[in-house]
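Q:
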């Protein structure tokens, strides 16, 4: 008899049946996701900060990927699975997020993080590479490209922050009305609301992983609010740096993004002085590399290997 369950669900259910310790389920699930993407988990200390990151080995082009606000290195795990074997991928947890150091009293603006990220790449011995970022991570990647142009072969932006959109997003409208940011989670049930706000079609998560991520979001609520306030005060810093970017740029945006409106691409077209290709994805939200990792990886693959998208 054929099963109607999707392959991913069958995979997780079989793992669930084999494991006896519920407290280890989320760790095992995440580890298996990384294993299926040929990712190795590593750590390095840079200027007294411990960076945790994942790496997929490859003897071809190198791609550094930067997660968004409230995210971590695993936002790129399924995306990495669909890239060619020879592309090397490095996905760090930025300081303040994930499993990396989170010292209090530090500057967590996008500009400050871009400078730390450069020290991270320098410590790893990375000379030239492609850099991609989503949301806050896109803002950081763009600032990095402006500040350290000799290191960046190309810039890839997924629904990036740091630029004022000509058309306000739903999130901007909410925040400007004086309400709390939709990105902050108040309880486990509210995590479902965040998923619906961020994605058109939220990625499948087995129950134990969804519970883990929800609890983690609630526990980090005050800390994330603190970082978010710093980023707000920083303003649209990337926009002031666009003329300094020398590398070609690919911008990918979900048309249904409620967090940052896709009209940001109009600003990029006006102010970037380098080659720019834009892709607007119908029926997709704020993080295309999570919502459709296969399509996102294909677009990035074509860009890195051919200098254009098909």
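Numbering (my numbering), first residue to last: 11 to 320.
Cβ coordinates follow ideal geometry from the N, Cα and C atoms, glycine included.
1. Only counting the same chain, and skipping five residues up and downstream in sequence, which positions put a Cβ closer than 8 Å to that of residue 301?
2. Can you name the start and end residues of the alpha helix (DSSP H) that residue 139 belongs to?
3. I need the DSSP call for residue 288, collapsed to helix, strand or coil.
4. Between which residues of its own chain and residue 317 is the CB-CB distance below 6 Å, once the five residues before and five after are set aside?
5. Exposed or buried, which one is residue 143 when buried takes at least 16 other CB atoms within 10 Å?
6. Can you list the alpha helix (DSSP H) stretches of 4 or more residues lying completely in the segment 105 to 185, in chain order?
7. Taking the continuous alpha helix (DSSP H) assigned at residue 241, which residues delimit it?
8. In terms of residues, what are the limits of the beta strand (DSSP E) holding residue 73?
9. Quick check on DSSP: helix, strand or coil for residue 268?
10. Should residue 163 and residue 132 be called a contact, given that it needs their Cβ atoms to be closer than 7 Å?
11. Quick one: what does DSSP say residue 208 is sitting in, helix, strand or coil?
12. Name the DSSP beta bridge partners of residue 227, please?
13. Taking 7 Å as the threshold (C-beta atoms), are residue 53 and residue 43 in contact?
14. Which whole-angstrom value describes the C-beta separation of residue 98 and residue 134, a residue pair presumed to lie in contact below a C-beta threshold of 8 Å?
15. In the DSSP assignment, find the unbroken alpha helix (DSSP H) run with residue 297 in it and report its ends.
A: Let me lay it out:
1. Residue numbering aside, residue 301 sits at position 291 when the chain shown is read from its first letter. Once the five neighbours on either side are set aside, the close Cβ partners of residue 301 are 209, 210, 211, 212, 213, 264, 294 and 295.
2. Taking the first residue of the chain shown as 1, we reach residue 139 at position 129. Element bounds for residue 139: not the alpha helix (DSSP H) but the beta strand (DSSP E), 139 to 144.
3. Along the chain shown, read from residue 1 onward, the residue named residue 288 stands at position 278. DSSP places residue 288 in strand when its eight states are reduced to three.
4. The residue given as residue 317 occupies position 307 in the chain shown. Taken in chain order, the list of residues that qualify is empty.
5. Position 133 of the chain shown, counting from 1, holds the residue named residue 143. That one is buried.
6. 120 to 134 and 146 to 157
7. As a position in the chain shown, residue 241 is number 231, starting the count at 1. Taken as a continuous stretch (DSSP letters only), the alpha helix (DSSP H) holding residue 241 covers 231 to 244.
8. Numbered from 1 along the chain shown, position 63 holds the residue referred to as residue 73. Run containing residue 73: 72 to 76, per the beta strand (DSSP E) assignment.
9. Against the chain shown, residue 268 aligns to sequence position 258. Residue state, collapsed to three classes: coil.
10. Your numbering for residue 163 matches position 153 in the chain shown. Your numbering for residue 132 matches position 122 in the chain shown. No, these two residues do not count as a Cβ contact at 7 Å.
11. Within the chain shown, residue 208 is the residue found at index 198, counting from 1. In the structure shown, residue 208 sits in a helix (DSSP, three-state: H, G or I).
12. In the chain shown, residue 227 corresponds to position 217, counting from 1. None, per the DSSP bridge assignment.
13. For the purposes of this step, residue 43 is taken as residue 33 along the chain shown, with counting starting at 1. For the purposes of this step, residue 53 is taken as residue 43 along the chain shown, with counting starting at 1. No, the pair does not count as a contact, with Cβ atoms beyond the cut-off.
14. Numbered from 1 along the chain shown, position 88 holds the residue referred to as residue 98. Numbered from 1 along the chain shown, position 124 holds the residue referred to as residue 134. Contact doesn't hold; Cβ gap of about 11 Å is too wide.
15. Numbered from 1 along the chain shown, position 287 holds the residue referred to as residue 297. Residue 297 -> no alpha helix (DSSP H), and no H or E assigned at all.
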